[in-house]
Amino acid sequence: MAHRRSAGSSPGEEREDMGEASVLGEYFVIHALENGVQVIGLTRGPETKFHHAEKLDKGEVMLAQFTEHTSAMKIRGKAILYTKHGIIRTHDDG
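The sequence shown begins at 920 in the numbering used here and counts up one residue at a time.
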């Protein structure tokens, strides 16, 4: 498997070049619109597993990041997600 240094990485820090380097380190913001919004981190690899969970109350904001261990997030409850791709609402106001 080919290795390369990604932009912004320090000398000696290498990542596998599988197209995933573009999402590693990407940040997004979760703004809870109700009490009890759940943020669940899912693992990377051959078997996806839950590895971390947080509960947010109304008005709380969480800054999250994709890493070599976290490949996906599951959000339960009313929240607004702010990403480089745009704003995503977990609910429908209409």
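Cβ coordinates follow ideal geometry from the N, Cα and C atoms, glycine included.
| DSSP state of Thr967, grouped into three classes? | If DSSP states are grouped into helix, strand and coil, Thr967 belongs with coil.
| Does DSSP put His1018 in a helix, a strand or coil? | Shown here, the chain extends from 920 to 1013; a query on residue 1018 therefore has no answer.
| said: Quick check on Ala972: buried or exposed, where buried means 16 or more other Cβ atoms within 10 Å of its Cβ? | reply: With fewer than 16 other Cβ atoms within 10 Å, it is exposed.
| query | beta strand (DSSP E) containing Phe947: first to last residue? | reply | Membership of Phe947 in the beta strand (DSSP E) is indicated by the continuous run Tyr946 to Ala951.
| task | Provide the residue span of the beta strand (DSSP E) that contains Lys977, from first to last. | result | Taken as a continuous stretch (DSSP letters only), Lys977 belongs to no beta strand (DSSP E), as it is neither H nor E.
| Gly960 by DSSP, collapsed to three states: which one? | Looking at Gly960 - three-state DSSP - the assignment turns out to be strand.
| From this set, Glu987, Leu952 and Asp1011, which residue's C-alpha is nearest Gly960's C-alpha? | Nearest C-alpha to Gly960: Glu987.
| task | Could you check the C-alpha separation between Ile949 and Phe985 for me, to the nearest Å? | result | Going from the Cα of Ile949 to the Cα of Phe985 covers about 13 angstroms.
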